[in-house]
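So in my numbering the end of the sequence shown lands on 177, straight run, no missing numbers.
The beta-carbon is built from N, C-alpha and C at its ideal position, and this holds for glycine as well.
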Amino acid sequence: MKRLTFAIMAVLLSLSCASRVVNPLLDVKPAQKASYGYTADDPIRIGYTGDRQKNIRFCYNYMECLQTTDGIPLQIISRASVPDPKNEPGNKGPLGFIPRRWGGELWGGILDQYSLIAEGSPDTLSLFFDIYHKEPLLIPIGLEYIAPVKDSTSSE
């Protein structure tokens, strides 16, 4: 009887500790700084998941939700890697891709720059992403964000 009670308690405890994965694309707030996302000094920091391709896909998913304040969707026309200005000689930041001694986390050193264009407009805009450091996602000033529809048929 004690074993049965213990087994039931263990199962209930393990089920009550289950966590839910939250999609960060569902809760995005507007940025307060005009430079957020538009300059290499203030990039959109999405954090490193351990898989660079996953991080790049996350950037694409985020940008697919952006549009101009007039409701015009943005189209990605190019992607490039640019140096992180915080890692320039003379700055106090670390240089290059040096793993931390005990944490294994990369310090960074490279940002992803995406050039986007609004449909029907000759003007381009650039967004900078830091895939090695994480902060809450925000919406750059001058853009609107349309949250993705949560697919109720998926098992995720």
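Residue range 73-85 is occupied by the alpha helix (DSSP H) that includes residue 85. Assigned with DSSP and collapsed to three states, residue 152 falls in coil, not helix or strand. For residue 78 and residue 156, the gap between their C-alpha atoms comes out near 17 Å. Between the beta-carbon of residue 147 and that of residue 134 there is about 6 Å, and that keeps the pair under the 8 Å contact cut. As the crow flies, the alpha-carbon of residue 93 is around 11 Å from that of residue 166. Residue 149 and residue 103 have their alpha carbons spaced roughly 9 Å apart. Excluding sequence positions up to five before and after residue 99, its CB lies within less than 6 Å of the CB of 136, all in the same chain and listed in chain order.
With contacts defined by Cβ atoms closer than 7 Å, residue 161 and residue 68 do not form a contacting pair. Annotation for residue 76: 67, 69, 70 and 152 place their beta carbon closer than 7 Å to its own, counting only its chain and skipping 5 residues before and after.
DSSP places residue 158 in the coil class of the three-state scheme, outside both helix and strand. If you ignore the 5 residues before and after residue 83, its C-beta comes within less than 6 Å of no other C-beta in its own chain. Boundaries of the beta strand (DSSP E) harbouring residue 96: 95-104, taken from the DSSP string. DSSP places residue 168 in no beta strand (DSSP E); its state is neither H nor E.
Around the beta carbon of residue 107, 16 or more other beta carbons sit within 10 angstroms, so the residue counts as buried.
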